[in-house]
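Be aware that the sequence shown starts at 34, since it is given in this note's numbering, and climbs by one per residue.
Structure first, commentary second.
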Amino acid sequence: MVFDIIKIEVRHLSQIADVHMKAFPNFFLTFLGPRFLREFYGSFLYDSVGIGFVAEDAESGRVLGVIVGPLMPDGYFKRLLIKRWWAFCLASISAVLMRPVIIKRLFRALFYRGEAPSGQQRALLSSVAVCPQAQGQGVGQALVRRWVEEVERRGYSGCYLTTDAHNNDKINHFYQKLGWQVESTYTTPEGRVMNRYVLDFSDDLKGTVSE
């Protein structure tokens, strides 16, 4: 499979939402629907500290995968909440009407990714999604590497992410093979046990990955 890694554009958003829903069929953000996902991923187009790329099939132009994350998580998500709260409310209204109790979790899912690691300021890798048909062909690896390169190019010294600690061996192995290291493990208010990974650029990106 031949693909190009390019910056997210408006024309990609519908396909990105579809990729996310197929990659994470049972996850909370998927339950919120494609309109909500388009709003979430689209936010990385308009903020100066947002970084987002897609893997685009070189022949068809189809989006195979996506990666997004802000350089400064706290400032980014606060600005997003202030500027676009109304858009996210409209985008999630159907899901909220179906299950009104999700409102609190909705905002946590969107704006909270765990406390940042102590020490130097790091960028946050918020989301990586690869469509099932393209998994195992290097798409996820290429997206992560390109996102990390952009973080380093903008002058940051490291980055971090969170992912489930349990029943998630494939994803944990994926990041470990790319050189990310578990910095801590914590439990969310919903009871999910999460690993927090860091990647500092003084450490080399190691090895290759088979997704």
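Quick reminder that beta carbons are idealized off the backbone N, C-alpha and C, glycines included.
Asked, Found
"Identify the continuous alpha helix (DSSP H) that holds P67 and give its terminal residues.", "P67 to Y79"
"Could you check which residue in D51, P106 and W213 has the C-alpha nearest to that of F64?", "D51"
"Using the Cα positions of A175 and S76, report the straight-line distance between them to the nearest angstrom.", "22 Å"
"Measure the alpha-carbon distance for F255 versus C164 and round it to whole angstroms.", "For residue 255 there is no data in the structure shown, the boundaries of the chain being 34 and 244."
"By the 10 Å Cβ neighbour count, where 16 or more other Cβ atoms means buried, how is G224 classified, buried or exposed?", "exposed"
"Taking 9 Å as the cut-off, decide whether the C-beta atoms of Y74 and V101 are in contact.", "yes"
"Here's the rule: buried if 16 or more other CB atoms are within 10 angstroms of the residue's CB, otherwise exposed. What is Y219?", "exposed"
"Does any residue of chain B bring its CB to less than 9 Å from the CB of S217?", "Among the chains in the structure shown there is no chain B, since it carries only a single protein chain."
"Identify, in the order they occur along the chain, each residue of the same chain with its Cβ nearer than 8 Å to the Cβ of Y193, setting aside the five sequence neighbours on each side.", "A149, P150, R155, A156, L157, L158, E216, R229, Y230, V231 and L232"
"Consult DSSP for L97 and reduce its assignment to one of helix, strand or coil.", "strand"
"Are R87 and V99 close, meaning C-beta to C-beta below 9 Å?", "The sequence given here places Val at residue 87; Arg does not occur at that position. For V87 and V99, yes; Cβs fall inside 9 Å."
"Quick one: what does DSSP say T63 is sitting in, helix, strand or coil?", "helix"
"Is A91 buried or exposed, if buried means 16 or more other CB atoms sit within 10 Å of its CB?", "exposed"
"If you compare alpha carbons, which of F110, D37, E185 and Q214 is closest to S93?", "D37"
"Please classify S217: does DSSP put it in a helix, a strand, or coil?", "strand"
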